[in-house]
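Remarks on the structure that follows.
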């Protein structure tokens, strides 16, 4: 693990004094010092020149951070969110600064009065999970643009929760926590799950039962959350409450109706469950999946809100089909500026390398299994020297492990500290979508990281009318795409990547991603 000091002090003597205080505060700890301001000649410290964000990413490649110390910053001075994401992605346990001669937590929004609170059913860290990443970037975007927003989080591990609370103070005025003691399911829902568990074990030798919207709605919002949120709303008189996921809506139960009427309620859906179920259950052996009831319940819950944030145009389109929801829908995508990287030239490469990154969730497993069964065999036969890199916790999935066993063309990277460590290995991102679920973060991320994205028709549909992906729905179409790419002139290939990056930024960049949400927040 490595600790770094980032300094923008230009005076050599003042810098040396500040650096000494840091070393004295952490005896025996070694620091790398990054700066673009200090005259490094004859310095007693090893100073690394840093000129821009690309330089930071390059320096951090392959490193795991312990702490970051800022020198020459005011207490309320804000770091670019891309830098914060980079520090956290590399595992930083603390971000601090030297303020008035003492080391203190980096919390530039402390003291600001928030009009909004964001409710999230987890710790929001690490950022390797799409749901964490979405809410983290949303929270940061609101506070960075002056829509001051507190957050309430939870977690099963006390150390991880303490770390999250400490680090989220870098992007929010106040970070509150609630206990994650889930209630038991009502008897009817419990009995349904038990019957389906036995049914699935008998039919497909798998007793893992997918959760219904009704299951989550009944027990995800804990008593601790309800009590804490009601107290905070009473004390702070929030004008807006943003609830992550419709199934967390019971968190509002203990806030008096007269106060809720004076509060703008916004649901950040992440995924619309009844849309997701259309593809998620398509090939599943389900027993009493209650899709009709589940859809009715989800629509009823969503109708309680003043506004419903749709993560993608496809979700927005589906929600607007329902009269009781149509006028409440707003488009709230995510900003992916942190992933932006200039495409590298690949004209000189004898073969191209491919990749997939993701967690162990069922949708990812289905997508990767499809690649390994349908796409990679024809690719490996056509270009035996090409490699397929797999990153993320999905590498530990038993089904995936069995499919890649002894295949030398496939490299399992496991969990990576930073997405740059993965994208630097590949030329083309493979990301077909078999379970429709809002917005596929890894697809957008890959395009902005300067990689060609190959997906299927459903994957393209989830991205909206952006035309940032190459589509292949069959083995033949996939092989045709690969062959066309290989004979494409290098300059033309790079122009294609750059034009797709530009379109992706227009749709999923900081300049536009949260505009509709900001317009409805009561200040």
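In the working numbering, the protein residues as written are 4 to 526.
Ideal Cβ placement from N, Cα and C applies to all residues, glycine included.
Spatially closest choice to residue i from the options, by CA coordinates
| i | options | result |
| --- | --- | --- |
| residue 39 | 11, 197, 236, 25 | 11 |
| residue 527 | 262, 266, 269, 297 | Given a span of 4 to 526 for the chain in the structure shown, any question on residue 527 remains unanswerable. |
| residue 294 | 281, 203, 305 | 281 |
| residue 374 | 349, 424, 459 | 459 |
| residue 447 | 507, 262, 74 | 507 |
| residue 212 | 89, 427, 220, 199 | 199 |
| residue 89 | 57, 197, 110, 100 | 57 |
| residue 244 | 494, 361, 116, 270 | 270 |
| residue 186 | 207, 223, 192 | 223 |
| residue 348 | 492, 479, 425, 260 | 492 |
| residue 471 | 457, 490, 394 | 457 |
| residue 327 | 370, 109, 299 | 299 |
| residue 430 | 461, 464, 489, 254 | 489 |
| residue 445 | 409, 480, 337, 515 | 337 |
| residue 124 | 312, 183, 356 | 183 |
Rounded C-alpha distance that separates residue i from residue j
| i | j | result |
| --- | --- | --- |
| residue 87 | residue 97 | 11 Å |
| residue 517 | residue 131 | 21 Å |
| residue 524 | residue 267 | 7 Å |
| residue 386 | residue 415 | 19 Å |
| residue 19 | residue 13 | 10 Å |
| residue 128 | residue 359 | 21 Å |
| residue 217 | residue 309 | 21 Å |
| residue 140 | residue 148 | 12 Å |
| residue 242 | residue 227 | 22 Å |
| residue 257 | residue 240 | 14 Å |
| residue 169 | residue 69 | 14 Å |
| residue 510 | residue 95 | 30 Å |
| residue 262 | residue 119 | 14 Å |
| residue 392 | residue 500 | 20 Å |
| residue 441 | residue 454 | 22 Å |
| residue 423 | residue 60 | 8 Å |
| residue 5 | residue 33 | 7 Å |
| residue 232 | residue 181 | 9 Å |
| residue 230 | residue 495 | 59 Å |
| residue 412 | residue 484 | 20 Å |
| residue 208 | residue 78 | 57 Å |
| residue 428 | residue 320 | 36 Å |
| residue 345 | residue 144 | 23 Å |
| residue 443 | residue 23 | 46 Å |
| residue 189 | residue 406 | 39 Å |
| residue 362 | residue 343 | 21 Å |
| residue 107 | residue 225 | 33 Å |
| residue 21 | residue 154 | 33 Å |
| residue 529 | residue 196 | Residue 529 lies beyond the stretch modelled for the chain, which goes from 4 to 526, so this question has no answer here. |
| residue 173 | residue 30 | 25 Å |
Buried or exposed (CB count within 10 angstroms, at least 16 for buried), residue i
| i | result |
| --- | --- |
| residue 8 | buried |
| residue 435 | buried |
| residue 136 | buried |
| residue 418 | exposed |
| residue 175 | buried |
| residue 194 | exposed |
| residue 504 | buried |
| residue 126 | buried |
| residue 291 | exposed |
| residue 301 | buried |
| residue 2 | It is not possible to answer for residue 2, since the shown part of the chain is limited to 4 through 526. |
| residue 520 | buried |
| residue 439 | buried |
| residue 398 | buried |
| residue 121 | buried |
| residue 477 | exposed |
| residue 28 | exposed |
| residue 437 | buried |
| residue 64 | exposed |
| residue 253 | buried |
| residue 276 | buried |
| residue 55 | exposed |
Per DSSP, the bridge partner or partners of residue i
| i | result |
| --- | --- |
| residue 5 | 68 |
| residue 121 | 154, 245 |
| residue 270 | 246, 311 |
| residue 358 | 392, 432 |
| residue 52 | 38 |
| residue 10 | 38, 74 |
| residue 99 | 72, 108 |
| residue 417 | 394 |
| residue 334 | 313 |
| residue 178 | 154 |
Q | Any alpha helix (DSSP H) of 4 or more consecutive residues that is wholly inside the segment 437–501 | A | 444–451, 460–465, 478–490
Q | Unbroken stretches of the beta strand (DSSP E), 3 residues or longer, contained in the segment 180–247 | A | 243–247
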